[in-house]
Amino acid sequence: MSNTTLAEAGQASATSAGFDYDALVIGAGMSGMYQLIRLRQLGLRARVFEAGTGVGGTWYWNRYPGARFDSESYSYGYSFDKELLQEWNWSEHFAPQPETLRYLNRVADKYDLRRDIQFEARVASAWYDDTARGWTVTLEDGSRHGSRFLITAIGVLSTPTLPRIEGVDSFRGQSWHTARWPKEPVDFTGKRVAVIGTGATGVQTIQEVAKTAAHLTIFQRTPNWCAPLHNRPITEEEQQRIKASYPEIFRRCQETFSCFLHTADPRGTFEVTPEEREAFYEELYASPGFGIWVGNFRDMLTDPAANREISDFVARKIRQRVKDPKVAEMLIPKNHGFGTRRLPLETGYYEVYNQDNVTLVDSTATPIGRITPTGIRTSAAEYEFDIIVYATGFDALTGAFDRIDIRGQDGRRLKEAWAGGARTFMGMMVEGFPNMLMLLGPHTALGNIPRSIEYNVEWVSALLRHMQEHGLTRADARPEAAQAWTEHVKSCATGLLTFEVDSWMTGVNRNVEGKQTRTIARYAGSAPAYRAWCDEVAAGGYRELVLD
Ligand code: NA7
């Protein structure tokens with residue numbers, strides 16, 4: 004193995020091209036942080052640009068009340084630092100946001116990451132120059148930075164979107180998008196509060212705000228199927244057991260379909276008796292976490308009849324939990340089956356609608372026409388509020404890429420290259436965009452995200468090491484490899500009920516121009532199959548890439 008670092012290998016051209024860095028990373032969330040650690044270990048000159056004032060990404064921005072994991076805490080943290088795993092105590096089975104942010108700051112402290120991170124630095128553009136074989140990154144402050152490699156660590160759900168409703172700026176009370184929540188706590192006591200949106204974020208927010216608001220009005224356009232989280236504190240005994248079983252926990256995450264601790268039951272819905280089926284559903288409904296979604300019968304998301312069974316079961320639960328039958332019906336989804344959109348996990352969510360201080364408004368029957376200086380006007384009524392909370396989601400998967408002017412070879416814009424749908428190689432590279440590596444790009448395996456992050460960072464780092472060792476300075480995906488991967492991603496979506504429904508997972512956001520129709524920007528195959536594909540590319544010496 005050569006001791007030559009990439010900096011040295013490419014020194015002549017790097018210096019002559021005036022590169023400031025070997026690698027620039029955009030984003031200091033979980034992926035950017037871990038990538039920085041690995042870049043340093045490779046001996047590379049690295050810098051991270053981060054728009055926020057601190058590390059943490061998703062957990063830095065999403066400070067809204069009630070924000071917490073839906074993954075078991077101990078399956079979520081970084082697995083690479085065995086010492087930290089033993090030192091860090093998660094307090095709950097599904098940790099709240101402040102704790103996760105503390106955890107990520109602890110990682111940043113331990114590895115002294117902040118000295119290579121520039122905060123309040125939002126990237127405006129990134130242009131590739133084939134003569135120099137590198138990237139020029141321009142920040143919004145106008146400063147320019149040159150680098151051989153560009154690594155995007157910009158997240159899957161990081162570009163918040165406000166509703167396209169007139170008057171959003173005119174409201175005179177307080178209003179925030181959940182992903183742009185203030186750092187100081189917001190007191191809802193005695194306040195008239197509106198929440199728009201009932202996705203995973205809206206559900207968590209509503210549960211919390213309903214505890215103290217004088218009155219909470221929820222504007223629901225599409226109800227989502229939700230299931231109980233069953234969170235609780237981790238006892239001292241459990242803490243010891245968790246720490247002793249980390250190798251087993253992470254091994255299991257590597258084996259399951261989407262890196263959660265749960266995995267599909269091998270049985271088909273109709274292979275058991277109705278009594279057995281009901282008992283299994285009851286068991287799942289009473290169990291913590293995503294078991295009811297990703298640990299259900301294997302055909303739940305492929306067979307419409309199987310999906311109807313579980314949907315009917317959960318509808319019965321909602322009717323039992325919500326006292327007013329009319330409100331219960333409003334909360335039961337009618338246009339999609341259970342689990343075909345991202346499943347929000349809840350703690351007393353349905354019971355909120357039994358409270359006197361809570362009103363549910365159907366925003367499909369009576370759409371919001373306008374945000375006024377004093378509140379919200381629908382087609383049926385006018386409401387006054389002190390606070391409006393926008394839990395209206397994100398321009399998912401490709402949105403964060405679209406907002407940066409990324410140009411590859413011959414000045415080709417990434418947004419245009421993806422206009423007909425994302426096209427990638429394993430979600431990590433894009434043909435014609437040499438030396439750009441994406442950590443959570445479209446088409447990558449998602450699921451329990453930190454597990455995907457660690458894998459992608461390792462794969463990218465191995466490629467960089469390979470290039471170091473062979474004195475290579477340019478890596479691009481071969482068109483036929485990108486074509487094959489993109490076709491594979493499409494074929495993975497075939498037959499899945501999830502892809503017959505509008506949601507961020509199918510690339511739909513009615514508040515974003517050009518995102519009104521479904522696209523396949525999400526890899527729906529298994530994580531083990533994804534890793535096998537990527538491992539094979541590395542083991543085969545990267546034949547799918549043009550390396551020189
Ligand atoms: P989601 O799941 O995209 O939810 C956004 C919600 O906002 C959803 O209920 C939307 O209704 C609603 N929405 C958006 N615009 C409007 C307007 N104009 N009027 C009324 N309602 C509106 O985002 P989340 O933040 O909850 O979750 C995103 C992911 O983050 C989540 O899946 C986790 O993985 C973490 P719609 O359904 O479009 O009718």
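In my numbering, the protein residues as written are 4 to 551. We put the beta carbon where it would ideally sit given N, CA and C, even for glycine. Please read all numbers here as calculations on a predicted model, not as lab measurements.
1. Could you compute how far the alpha carbon of Leu42 sits from the alpha carbon of Arg48?
2. Does the beta-carbon of Arg513, which I'm using as the reference point, lie nearer than 7 Å to any heavy atom of the ligand NA7?
3. When DSSP builds the beta bridges, which residues end up paired with Tyr552?
4. Let me make sure I understand the geometry here. Which of Ser82, Ser455 and Trp62 has the alpha-carbon closest to that of Glu251?
5. Are the beta-carbon atoms of Ala399 and Trp507 separated by less than 8 Å?
6. What residues match up with Trp138 in a beta bridge as DSSP calls it?
7. Can you tell me the Cα-Cα spacing of Pro231 and Lys326, whole angstroms?
8. Where does the unbroken alpha helix (DSSP H) through Ile456 begin, and where does it stop?
9. Here's a check: name, in chain order, each residue in its chain whose Cβ is nearer than 7 Å to the Cβ of Ala448, leaving out the five neighbours to either side.
10. Cβ-heavy atom distance between Ile296 and the ligand NA7 below 7 Å?
11. Are there three or more Cβ pairs, one per stretch, closer than 8 Å when the segment 204-223 is compared with the segment 383-403?
12. Pick out whichever of Ile371, Cys229 and Ala267 has its Cα sitting closest to the Cα of Val171.
13. If you count every other CB in all the chains shown that lies within 10 Å of the CB of Val451, and 16 or more means buried, which is it?
14. Quickly, what does DSSP pair Glu385 with across the bridge? List them, please.
15. Looking at Val504 and Arg344, is the spacing between their C-beta atoms short of 8 Å?
16. Measuring straight from C-alpha to C-alpha, what distance separates Ile199 and Leu165?
17. My output table needs one value for Pro277: the three-state DSSP class, helix, strand or coil.
18. Can you name the start and end residues of the beta strand (DSSP E) that Ile409 belongs to?
19. For Arg301, which residues in the same chain have their Cβ closer than 8 Å to its Cβ, ignoring the five residues on either side in sequence?
20. Please report the Cβ distance between Arg434 and Asp479, rounded to the nearest whole angstrom; I am assuming they are in contact, meaning their Cβ atoms lie under 8 Å.
21. Under 8 Å, with one C-beta from each stretch per pair, do the segment 319-336 and the segment 348-363 reach the 3-pair mark?
22. Is it buried or exposed for Gly474, if we count other Cβ within 10 angstroms and need 16 for buried?
23. Relative to the C-alpha of Ile29, which candidate in Gly498, Gly294 and Ile409 has its C-alpha closest?
24. Could you give the DSSP three-state label for His218: helix, strand or coil?
25. Does the contact criterion of 3 or more C-beta pairs under 8 Å hold for the segment 511-525 versus the segment 422-434?
26. With distances taken from CA atoms, which of Thr141, Phe293 and Ile335 is nearest His96?
27. What are the boundary residues of the beta strand (DSSP E) that includes Ile313?
28. Please confirm whether any heavy atom of the ligand ADP lies closer than 7 Å to the CB of Thr201.
29. Mapping DSSP to helix, strand and coil, what is Met429?
30. Considering only the alpha carbon of each residue, which of Glu419, Phe174 and Gln412 lies closest to Asn438?
31. Can you grab the Cα-Cα spacing for the pair His218 / Gln207, in whole Å?
32. The ligand NA7 and Phe404: does the residue's C-beta get closer than 7 Å to at least one heavy atom of that ligand?
33. Within 10 angstroms of its Cβ, does Phe22 collect 16 or more other Cβ (buried), or is it exposed?
34. For Gly2, which three-state DSSP category applies?
35. The alpha helix (DSSP H) spanning Asp73 covers which residue range?
Well, looking at it:
1. 8 Å
2. yes
3. Outside the displayed span of the chain (4 to 551) sits residue 552, for which this structure offers no information.
4. Ser82
5. yes
6. Tyr131 and Ser150
7. 18 Å
8. Ile452 to Glu472
9. Ser455, Tyr526, Ala530 and Tyr533
10. Ile is not the amino acid found at residue 296; the sequence shown has Trp there. Checking the Cβ of Trp296 against the ligand NA7 gives no.
11. yes
12. Ile371
13. One point to set straight first is that residue 451 is Asn, not Val, in the sequence displayed. When all chains shown are included, Asn451 counts as buried.
14. Arg380
15. yes
16. 10 Å
17. helix
18. Asp408 to Arg410
19. Ala267, Asp268, Pro269, Arg270 and Gly271
20. The displayed chain sequence assigns Glu, not Arg, to residue 434. Right, their Cβ atoms sit about 6 Å apart.
21. yes
22. exposed
23. Ile409
24. strand
25. yes
26. Phe293
27. Ile313 -> not in any beta strand (DSSP E); alpha helix (DSSP H) instead, spanning Pro307 to Arg324.
28. In the structure shown, the ligand ADP is absent; the only ligands present are the ligand NA7.
29. coil
30. Gln412
31. 17 Å
32. no
33. buried
34. No answer is possible for residue 2: it lies beyond the span of the chain, which begins at 4 and ends at 551.
35. Asp73 -> no alpha helix (DSSP H), and no H or E assigned at all.
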